[in-house]
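Student: In the numbering used here, the protein residues as written are 39 to 188. Structure in structure tokens, see below.
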């Protein structure tokens, strides 16, 4: 990849999807060769899953980048966690908020005053805080309702 070959060509040569190559690259960038050689994890702690989900919500990074950052072999694992911990309404709100955030980056408002920017940021932070509290409450509720494993 670093020698100028495209993801598409590498994926075609190896016979895998280009997103697989992309996730390998992200893991390598964050963890080096050790990350690629690490054995697959059979399970993750609840606290780790919550940490990854909160990171996704706060940064809006792509699944492949987050998987690389946390050395998770598949981006689909993160997608699955998001669905497990979020209701359908929360999932929809998350993506709508993410789309709005992306649109704001692409089309900044002209002539907005400092007060307007601060009010907008305050509104966003309040919504994010309320959302994270709700997510935490749902996780705690789910923990209580699950039978303890031995």
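Ideal Cβ placement from N, Cα and C applies to all residues, glycine included.
According to DSSP, is residue 157 helix, strand or coil?
Tutor: Residue 157: helix per DSSP, three-state reduction.
Student: Need the endpoints of the alpha helix (DSSP H) that residue 68 sits in, please.
Tutor: Residue 68 -> alpha helix (DSSP H) spans 56–75.
Student: Count the other C-beta atoms from every protein chain shown that fall within 10 angstroms of the C-beta of residue 105, then say buried if there are 16 or more, exposed otherwise.
Tutor: The residue in question, residue 105, is buried, as its Cβ has 16 or more Cβ neighbours within 10 Å.
Student: Roughly how many angstroms lie between the CA atoms of residue 157 and residue 163, to the nearest whole one?
Tutor: Their backbone Cα atoms lie some 10 Å apart in a straight line.
Student: Does the pairing of the segment 39–59 with the segment 87–100 give three or more beta-carbon distances under 8 Å?
Tutor: Cβ pair count under 8 Å is below three, so no.
Student: Mark residue 85 as exposed unless 16 or more other C-beta atoms lie within 10 angstroms of its C-beta, in which case mark it buried.
Tutor: Exposed.
Student: Among 63, 51, 46, which residue has its Cα nearest to the Cα of residue 109?
Tutor: When each option's Cα is compared against that of residue 109, the closest is 63.
Student: Can we say the segment 111–120 touches the segment 174–184, given the rule of at least three CB pairs closer than 8 Å?
Tutor: Taking 8 Å as the limit for Cβ pairs, the verdict is that the segment 174–184 does not touch the segment 111–120.
Student: Check the C-beta distance from residue 56 over to residue 67 and give it rounded, since I have them as a contact under 8 Å.
Tutor: Contact flag wrong, Cβ pair sits at about 16 Å.
Student: Report all residues from its chain with a CB closer than 7 Å to the CB of residue 103; omit the five preceding and five following residues, and keep chain order.
Tutor: Closer than 7 Å at Cβ, skipping near neighbours: 64.
Student: I believe residue 177 touches residue 123 by the beta-carbon criterion, under 8 Å. Please report the beta-carbon distance rounded to the nearest angstrom.
Tutor: With 8 Å as the limit, residue 177 and residue 123 qualify as a contact, their Cβ atoms being about 6 Å apart.
Student: Return the CA-CA distance between residue 44 and residue 50, expressed in angstroms with no decimal places.
Tutor: Distance between the alpha carbons of residue 44 and residue 50: 10 Å.
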